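First up is the structure itself, then whatever we jot down about it.
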Amino acid sequence: MIKNLSLRHSTKIISTPKKTKRLNRYITKINKFFKANVINNAWLAKKLWRPHNVTTRDILICNDWQFKRSFQPTLIKHFNGKKVLLVRNIVDADFMHSIEGIFDKVYSFDAAQCQAFGMDYMNQFFPYGVDDAKHLHNQVAEPSHAAKCFFLGRDKGRTAAIESIAEKLRHVNCIADFHIVKDDKTQAVSQYHIDEGLSYDENLRKSINATVLADINQAGQTGITLRVLESMFFNKKLITSNPTIAAHDFYRPENVFIIDQHNADNLDAFINTDATALPNELLHQYSPDYMLEKITRDTSHTAHA
């Protein structure tokens, strides 16, 4: 994603050198031994940032699952530009309390979570821009006339529901290219079980060469998944268990079959008609370019407030 963004935007990946990580581990061990902050590691962070000539116009974007790791908190604290956190997971009040005063903007992809904790809403975004996705599709697509539905995901207690969909697909002569990664919720044996997940490149290849994508959510999950975004950007039909999809601006009834809301007798007709391509202007709102544009715009307003 960042590689593609760098073609159109001034972006940079900042990696912590192994030597810096090693020094930070030594400092941490010493401080733990003496049960006090005997050596401050702030100088390490300042040394790392110095060659990058960071200004107040620069933006540091962090993900919620990694910003607390190892040396990251110190690096973030001593970054002189704007600091942004993308919250991809469901968090609680304790988490929000732990990040008070650290970030200039905090975004979540979950509207209910934004309302509960005062975060800014951000559309879930695809790793590829609109043109990048089309280029990838043209590179990977293979000629085929058979209807095929692709699913990849961990079991998470969903095997029975997924197998039920596979059975319905077989009845309408659609190949069920399903891959259920076994986990601690796995009980009954399934012909679709696999021990390890597929690489993301293989996932993309299968998505692009399917005619339909299956999006089977866990109980209570309502957010937009990567599978939904793939259906949008690669112009695929979507079978989903998520009824909230119908409320989104990208929803087209001819493109989306919602389980338990649409009649299974209509599945054959749904699968054997072409998907309606979404306009580029709409897809752009779910692209990494839009994410970066929104963050840049929002932090600029913050700076002038």
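Residue numbers (the UniProt record's numbering): 1 to 305. For every residue, glycine included, the Cβ atom is placed at its ideal position computed from N, Cα and C. These figures come from a predicted structure and were not determined experimentally.
*Run through the stretch 149-198 for me and flag every whole beta strand (DSSP E) of 3 or more residues, listed as ranges in chain order.*
175-181
*Hey, how far is the Cα of Asp110 from the Cα of Phe126?*
16 Å
*Per DSSP, what kind of secondary structure is residue 349 in: helix, strand or coil?*
Any property of residue 349 remains undetermined from this structure, which presents the chain solely from 1 to 305.
*Taking the alpha carbon of Phe257 as the point to measure from, which residue in Lys206, Ile208 and Ile216 has its own alpha carbon closest?*
Ile216
*Within this structure, are the beta carbons of Asp132 and Asn235 separated by less than 9 Å?*
no
_C-alpha distance - Ile14 paired with Asp155, whole-angstrom precision_ = 35 Å
*Take the Cβ of Asp92 as the centre, count every other Cβ of all protein chains shown within 10 Å, and call the residue buried at 16 or more, exposed below.*
exposed
*With DSSP run on the structure shown, which of helix, strand or coil describes Ile76?*
helix
*Pick out the complete alpha helix (DSSP H) segments inside the stretch 204-257, 4 residues or longer, and give them in chain order.*
226-233
_Residues of its chain near Arg158, where Cβ-Cβ distance is below 6 Å and the 5 sequence neighbours each way are ignored_ = Ile216
*Report buried or exposed for Ile180, applying the criterion of at least 16 other Cβ atoms within 10 angstroms of its Cβ.*
buried
*Neighbour-count burial assignment, Gln191, 16 or more Cβ in a 10 Å radius*: exposed
*In its own chain, which residues sit with a C-beta less than 7 Å from the C-beta of Lys168, not counting the 5 before and 5 after it?*
Ala264 and Leu267
*Could you tell me whether the stretch 130-148 touches the stretch 198-210, using the rule of 3 or more Cβ pairs below 8 Å?*
yes
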